[in-house]
Structure formats: structure tokens, C-alpha cells
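Asker: Per my numbering, numbering of the sequence shown is gapless, rising by one per residue and ending at 446.
C-beta: ideal position from N, C-alpha, C; glycine also.
One structure follows; several queries about it will come next.
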Amino acid sequence: MVRCWADLRSRGLRSPTPSRSHSSSFLSGVFLYLAATKRLGGRAAAPLAPPSPRPLLCRRRAPASNKAMMLMARGLCSRLRPPLAGAAAFSSAPSAAAAEAERAIRDGPRNDWSRPEIQDVYDSPLLDLLFHGAQVHRHVHKFREVQQCTLLSIKTGGCSEDCSYCPQSSRYNTGLKAQKLMNKDAVLEAAKKAKEAGSTRFCMGAAWRETIGRKTNFNQILEYVKEIRGMGMEVCCTLGMIEKQQAEELKKAGLTAYNHNLDTSREYYPNIITTRSYDDRLQTLQHVREAGISICSGGIIGLGEAEEDRVGLLHTLATLPTHPESVPINALVAVKGTPLEDQKPVEIWEMIRMIATARIVMPTAMVRLSAGRVRFSMPEQALCFLAGANSIFAGEKLLTTANNDFDADQAMFKILGLIPKAPSFGDEAATASADAERSEQAASM
2 MVRCWADLRS
12 RGLRSPTPSR
22 SHSSSFLSGV
32 FLYLAATKRL
42 GGRAAAPLAP
52 PSPRPLLCRR
62 RAPASNKAMM
72 LMARGLCSRL
82 RPPLAGAAAF
92 SSAPSAAAAE
102 AERAIRDGPR
112 NDWSRPEIQD
122 VYDSPLLDLL
132 FHGAQVHRHV
142 HKFREVQQCT
152 LLSIKTGGCS
162 EDCSYCPQSS
172 RYNTGLKAQK
182 LMNKDAVLEA
192 AKKAKEAGST
202 RFCMGAAWRE
212 TIGRKTNFNQ
222 ILEYVKEIRG
232 MGMEVCCTLG
242 MIEKQQAEEL
252 KKAGLTAYNH
262 NLDTSREYYP
272 NIITTRSYDD
282 RLQTLQHVRE
292 AGISICSGGI
302 IGLGEAEEDR
312 VGLLHTLATL
322 PTHPESVPIN
332 ALVAVKGTPL
342 EDQKPVEIWE
352 MIRMIATARI
362 VMPTAMVRLS
372 AGRVRFSMPE
382 QALCFLAGAN
392 SIFAGEKLLT
402 TANNDFDADQ
412 AMFKILGLIP
422 KAPSFGDEAA
432 TASADAERSE
442 QAASM
């Protein structure tokens, strides 16, 4: 009440000094009025009939009726009410998320998205967006199934690129020591441990601008791919830009997927990277697609970009001739010594909005909850899974940044009732059998 009357005085209104009983009735009138009305097009609807007053338990004179107090409150509230942004702000019409989710379920993926269409989905009320992202997810995917992946830096640091977020760039003083390509035994041992911990996809990353001119190292990586594929795991690589011939060699070696993120929108991209163009990245994706390798491409939020840039990233991915099979959504991990070291952390609501939008506009893609997950609690991660994420990266590090360890993720899977996803190699019968086996294992955990 004190704050209420202080606000009245600031607006030039005199605060009344009613008796205690009148104050109580007036406040009840305010609540009754606010609860019983709704603003439509800037007007308040007629209030609902107030409940009958309580019977008096003493001889004190009865306060003014509830109806009178509601009328008084209505007059004051009309003077305090802020101007409406417009009737649309209170519209009960279906959101863009609802309409596009229904369309995705009915018609499947589409590649003719306009940027305003995706912006409308992204701007839908958050709970509405989350709900409809979950609807699409349930329709297209096994709802509780989440793939566990492991990412290993097989060649660390010393990169000539100037990606503003990356501690592996040789241009920044981050304290990271450059290392040569790991030997085969060390890589295979890491893959074995990852498989034992539940990972079904093993990703190898090398801090290079490109693989051109690195024939010896590239041939070594081809051997790593063959060996890890022979272990019954999906294999992914992120090696920078590659030519079509190299993509074809990786395919022959058994590579499942190639990761090459677009990072952000075309418009914001020059603020983050100047040593590689946006079209260079798209060209690499084309080489990967032509070689018959699955595409893994997403981006990072928290780079200082606007929400329109996040929509721009999703628009580029969703209008490729074929949607990426995997779309990693990363939250920036700000590393001291990089140009983005002072960026504020990404909020969980931003991740949920990005994941749910990606799920609706690219319904068949694996939406991978990637870097930055270590900052989010288990309940927050659960919301990401509800919104449409169905993959995580497990292990102490993601390349060079901190990450959730295997034990923590196994505990999360058990508590949330998540089912580990089996590796997929295009053999649907074998995949279905493996899925059933892993589901039984999960049920016994």
C-alpha cells in the first residue's frame, strides 16, 4: 500500500486516509478489478460480478460494498494504467510458432523460408515457442532419445585464423601452447574411453585454416577415421576448409559427418572473422554435401550479435538445398586473452529460444546442445531437451574449453529418464535394433 500511494502522489493524486477496514476493502477492490477485467484494444471489459460480502462478525459499521470499492479502484487504475503498445500485444491469435509447428508436422521440412517468417517464430512468446518446439520434436524424433558425442582436439593451437572467440588463434595471448597432431594410439585410446562412457559419435578437431598442403597429416587423419569407424562409432571431423577431393577421401575412409559452422549471420560475420569469408564456409559445406557426407553446421550465440543475426544464421541454414543433418547451438565461452573475453554469459532463455526455433524450422535435424552447457544446471538443460535439443557433447573438454564430465551426464540421463541414442550408419534395421537394446539398458539404470 505504501508504494502504491507513493506512486499516486508522484502522479499528482492525493492519497486518501481511509479507516483500516476501508483500506482493506479498497485493496480488495483493486485486486477484484484487476482480476476480473482484461484489456482489449485499450478498453477494459466490464468487471465480473463481485462475490457476496462476508458476514459481519462484530458491531463495527460495515465497510463500503465490494462493488463500490471496485468502481473506486477502477477509476484510480485507469489513471495509473500505462499506455498500451497496441491490441496485438494482448491478442489471443495463434503464434507464429504454433502455425509453423503445425505446418512442419503436416508437411515436413521446407527450404523456402523467408527471414521474416523465421523472425516471427523466434519472436513468439517463450513458453509458446518451447511448447511447439516440443510438439515438432515429439512428432519427428524419439522424444527422450539424446545422442552423446565426444569432441577431441587432435591438433591444438597455432591457428592462423583470427576468429575472435577462439583461444587457439596464434594472434591472441591466451596461454594456450600449440601442439602437433596427436599420434594414432592416443586418439584411439580417447575414442575407446568415450565409447565406454556412452558416446556414440567421436569428433576430431584440428586447429587449421584448411587441410590443403597438409598431405601427411591428412593421411594420418584418414587412418584415424577408419580405425574409429571400425569401433562401431559415428566419426566426425572439423578440420577447416577442405576441397571436394579431400571430402571424397574422407567419405571413403568411413567419415559420418563433417563439422563446419557458419558461426553467425552473414551481416555480423565480418565483426568476428576476417581471415575466411562466409562464402568460403558455404563452399566447404557444398563439397561435403557433394561427397555424400552428413553436414554438421550451426553457430555461436553471445558474440555481441543482435537477435536478428541469430535469425539470419538459422535462415541461411534452413534455406540450404538440404538442411544440415546436425545443427550445433553453442553458447560463447569467453576466454581471457581473446577479443570477446568480456562478453556477458548467455542466458538459458536465449538458448531455449534458439533451440526451439531451430527445431521448428529444421524439424529433422539433430539439434546439438554444445559449448557453454557447463554453465547450465540440470533443470535448465532439461528445458533445452524439451525445446528440441537431442544431442550433447560429453567429456571434460570441448577442444580447449571446460565441459560437463561423463559422470555428471550419466547422472543427468538417469534422473531425466533420457535414452542414449545408438550410432546411425544408414542401416535403419540395425539402428532400430541397437536403439531397442540401448533403451532396455537405460530402463535398467
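Helix, strand or coil for V362? Go by DSSP, reduced to three states.
Answerer: Here residue 362 refers to the residue found at position 361 when the sequence shown is read from its first residue. In this structure, V362 counts as helix in the three-state DSSP scheme.
Asker: From L315 to Q136, what does the alpha carbon distance come to, in whole angstroms?
Answerer: Counting from 1 along the sequence shown, the entry for residue 315 is found at position 314. Counting from 1 along the sequence shown, the entry for residue 136 is found at position 135. For L315 and Q136, the distance between alpha carbons rounds to 19 Å.
Asker: Which residue comes first and which comes last in the alpha helix (DSSP H) that contains T217?
Answerer: Translated into positions along the sequence shown, residue 217 becomes position 216. Run containing T217: 216-230, per the alpha helix (DSSP H) assignment.
Asker: Output the distance between the C-alpha atoms of A191 and A423, rounded to the nearest integer angstrom.
Answerer: What you label residue 191 is simply residue 190 of the sequence shown in a count that begins at 1. What you label residue 423 is simply residue 422 of the sequence shown in a count that begins at 1. Roughly 19 Å between the two C-alpha positions.
Asker: What span of residues does the beta strand (DSSP E) with V236 cover, start to end?
Answerer: Reading the sequence shown from its first residue, position 235 is the one you call residue 236. It spans 235-239 - the beta strand (DSSP E) in which V236 sits, taken as one unbroken run.
Asker: Buried or exposed for D113, please, with buried defined as at least 16 other CB atoms from any protein chain shown within 10 angstroms of its CB.
Answerer: For the purposes of this step, residue 113 is taken as residue 112 along the sequence shown, with counting starting at 1. With fewer than 16 Cβ atoms within 10 Å of its Cβ, D113 is classed as exposed.
Asker: Which stretch, first to last residue, makes up the alpha helix (DSSP H) that contains I106?
Answerer: Within the sequence shown, the letter at position 105 stands for residue 106. 97-108 is the span of the alpha helix (DSSP H), which, as asked, contains I106.
Asker: Could you tell me if Q149 is buried or exposed, where buried requires 16 or more neighbouring beta carbons within 10 angstroms of its beta carbon?
Answerer: For the purposes of this step, residue 149 is taken as the residue at position 148 of the sequence shown. That one is buried.
Asker: What are the start and end residues of the alpha helix (DSSP H) that includes T285?
Answerer: What you label residue 285 is simply residue 284 of the sequence shown in a count that begins at 1. Unbroken alpha helix (DSSP H) run through T285: 279-291.
Asker: Are T276 and I243 close, meaning C-beta to C-beta below 8 Å?
Answerer: Translated into the one-based positions of the sequence shown, residue 276 becomes position 275. Translated into the one-based positions of the sequence shown, residue 243 becomes position 242. No; because the gap between Cβ atoms is not below 8 Å, this pair is not in contact.
Asker: So what's V368 in DSSP terms, helix, strand or just coil?
Answerer: Position 367 of the sequence shown, counting from 1, holds the residue named residue 368. Strand.
Asker: Evaluate contact between the region 184-203 and the region 141-157, counting only Cβ atoms and requiring at least three cross-stretch pairs below 8 Å.
Answerer: The region 184-203 is in contact with the region 141-157.
Asker: Going by DSSP, name the residue or residues bridged to P329.
Answerer: Within the sequence shown, residue 329 is the residue found at index 328, counting from 1. P329 pairs with R369.
Asker: DSSP three-state label for N272, please.
Answerer: As a first step, residue 272 is located in the sequence shown; it is residue number 271 there, counting from the start. Helix.
Asker: Using the beta-carbon count (16 or more within 10 Å), is N260 buried or exposed?
Answerer: For this step, residue 260 is matched to residue 259 along the sequence shown. Burial call: buried.
Asker: From F426 to E235, what distance separates their C-alpha atoms?
Answerer: Against the sequence shown, residue 426 aligns to sequence position 425. Against the sequence shown, residue 235 aligns to sequence position 234. Rounded to the nearest angstrom, the two C-alpha atoms are 7 Å apart.
Asker: Roughly how many angstroms separate the alpha carbons of D410 and T365, rounded to a whole number?
Answerer: The count along the sequence shown starts at 1 and reaches residue 410 at position 409. The count along the sequence shown starts at 1 and reaches residue 365 at position 364. Their backbone Cα atoms lie some 24 Å apart in a straight line.
Asker: How is the beta strand (DSSP E) around L152 delimited, first residue to last?
Answerer: By 1-based counting over the sequence shown, the position of residue 152 is 151. Segment 146-156, the beta strand (DSSP E) holding L152.
Asker: In terms of residues, what are the limits of the alpha helix (DSSP H) holding Y123?
Answerer: Here residue 123 corresponds to residue number 122 of the sequence shown, with the count starting at 1. Run containing Y123: 116-123, per the alpha helix (DSSP H) assignment.
Asker: Report the residue from C238, P322, E309 whose alpha carbon sits nearest the alpha carbon of E211.
Answerer: Here residue 211 corresponds to residue number 210 of the sequence shown, with the count starting at 1. Minimum Cα distance to E211 is reached at C238.
Asker: Can you give me the Cβ contacts of N218 inside the same chain, cut-off strictly under 8 Å, excluding the 5 residues immediately before and after it?
Answerer: On the sequence shown, position 217 is the one that residue 218 refers to. Result list for N218: K156, L182, A207, T212, in chain order.
Asker: Tell me which residues share the same chain as R360 and place their Cβ nearer than 6 Å to its Cβ, disregarding the 5 neighbours each side in the sequence.
Answerer: Taking the first residue of the sequence shown as 1, we reach residue 360 at position 359. Around R360: G134, V137, H138, V368, G389.
Asker: Please classify F426: does DSSP put it in a helix, a strand, or coil?
Answerer: Counting from one through the sequence shown, the residue named residue 426 turns up at place 425. It is coil, neither helix nor strand.
Asker: Does the Cβ of T323 have 16 or more other Cβ atoms within 10 Å, making it buried, or fewer, making it exposed?
Answerer: For this step, residue 323 is matched to residue 322 along the sequence shown. Per the 10 Å Cβ criterion, exposed.
Asker: Quick check: what's the CA-CA separation for I296 versus R290?
Answerer: Numbered from 1 along the sequence shown, position 295 holds the residue referred to as residue 296. Numbered from 1 along the sequence shown, position 289 holds the residue referred to as residue 290. About 7 Å.
Asker: Roughly how many angstroms separate the alpha carbons of L321 and A105, rounded to a whole number?
Answerer: Looking up residue 321 in the sequence shown gives position 320. Looking up residue 105 in the sequence shown gives position 104. Using only the alpha carbons, I get a separation of about 17 Å.
Asker: Reducing DSSP to helix, strand and coil, say where F377 ends up.
Answerer: What you label residue 377 is simply residue 376 of the sequence shown in a count that begins at 1. Coil at F377, not helix or strand.
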